[in-house]
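S.K.:
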Amino acid sequence: MTHDAGLAPHLADLLAEADQALVRTVDGLPDDAYAEPSLLPDWTRAHVVAHLTLNAEGLAGVLHGAHLGHPRTMYSSLEARNGDIAELATTDPADLRERFLTSVGVLGEALGAMVDDDWDGRFERVPGAGTDISVAQVPLMRLREAEIHHADLGADYTAADWPEAFRVILLESMTKRPYPAPFEARPTDLDRTWHYGEGGGGPVVTGTSAAIGWWLTGRGSGEGVSSDTGSLPEVESW
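Residue numbers for the sequence shown follow numbering that gives the first Met the number 0, beginning at 0 and rising by one.
(1) Residue 132 bridges to which residues according to DSSP?
(2) Residues in its own chain within less than 7 angstroms of residue 208 by CB, not counting five upstream and five downstream?
(3) If the criterion is Cβ atoms closer than 8 angstroms, does the pair residue 39 and residue 47 meet it?
(4) Could you please give the first and the last residue of the uninterrupted alpha helix (DSSP H) stretch that includes residue 186?
(5) What span of residues does the alpha helix (DSSP H) with residue 50 cover, start to end?
(6) With DSSP run on the structure shown, which of helix, strand or coil describes residue 214?
(7) So residue 72 packs on residue 123, CB below 8 angstroms; how close in whole Å?
(8) Please work out which residues of its chain come closer than 6 angstroms, Cβ to Cβ, to residue 195, disregarding the five sequence neighbours upstream and downstream, and give them in chain order.
(9) Starting from residue 205, follow the beta strand (DSSP E) in both directions and report where the run begins and ends.
(10) What is the rounded straight-line gap between the Cα of residue 18 and the Cα of residue 60?
(11) Please state whether DSSP places residue 102 in a helix, a strand or coil.
(12) Taking the C-alpha atoms as reference points, what is the distance between residue 24 and residue 54?
(13) Name the one or two DSSP bridge partners that residue 226 has.
(14) Residue 240 bridges to which residues according to DSSP?
(15) Apart from the five residues just before and just after residue 236, which ones in its own chain have a Cβ nearer than 6 angstroms to its Cβ?
(16) Could you say which of 33, 219, 206, 11 lies nearest to residue 227 if we only look at CA atoms?
(17) So for residue 10, helix, strand or coil by DSSP?
(18) Quickly, what does DSSP pair residue 36 with across the bridge? List them, please.
(19) Going straight from the alpha carbon of residue 197 to that of residue 180, what length do you get?
(20) Using DSSP with H/G/I as helix, E/B as strand and the rest coil, what is residue 25?
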């Protein structure tokens, strides 16, 4: 992504639609559903909502800092980030829901305040991380968080509901991750092939783009995905 990719209309539209759909789901969850398990190990739905809330607040802070010319990290530390999620997940569902809705609005306002030059900056996820991230990546980061964790809620929204444009973005962005061995993915519903890992060759993985995307993030057990070697390549959780 270039510096103005954060302002790309199609990405802005996808993010707005993803957050709106997420808001509808979270707002519609009965209070007793928050304590129920999500699709993520050891996390309830409240943990997922808490994470999405803090993620929106953290990214809004990054954007605000970039707009003012004072770079900020997303979180003060990994320990604080994890502790804040655990603590917020114990909040009364009505209060958690309200904070989540507010966080989405705050992030939207921060995105709307950005001007072209603001996207040129960089930030760290936590202080001293040793690697920095382009501010221009923030819209894509939030889009993935919103779409993937929406499905993680296990509340009638699944990977099969992901828009095609997001599925393409996800499969492309996952090529940037490291893999133990190379392989290719050929979705049955898209006329494209993606290569993962260093080097050429490797197994060819097929399935719908939604099923492959879900599997690439380390979710499920490969349902709807198959390999021409009979064994799926190793991938890590996102």
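Beta carbons are placed, not taken as given, at the ideal position from N, Cα and C, and that holds for glycine.
M.R.: Let's see:
(1) 122
(2) Cβ neighbours of residue 208 beyond the five flanking positions: 166, 170, 186, 188, 189.
(3) yes
(4) No alpha helix (DSSP H) contains residue 186, which is instead part of the beta strand (DSSP E) from 182-186.
(5) Per DSSP, the unbroken alpha helix (DSSP H) holding residue 50 starts and ends at 44-67.
(6) helix
(7) 5 angstroms
(8) 174, 178, 182
(9) Per DSSP, residue 205 belongs to the beta strand (DSSP E) from 203-206.
(10) 18 angstroms
(11) In the structure shown, residue 102 falls within a helical segment according to DSSP collapsed to helix, strand and coil.
(12) 17 angstroms
(13) 204
(14) This structure gives no information on residue 240, because the portion of the chain shown stretches from 0 to 237.
(15) 217
(16) 206
(17) helix
(18) Looking at the DSSP assignment, residue 36 forms a beta bridge with 43.
(19) 7 angstroms
(20) helix
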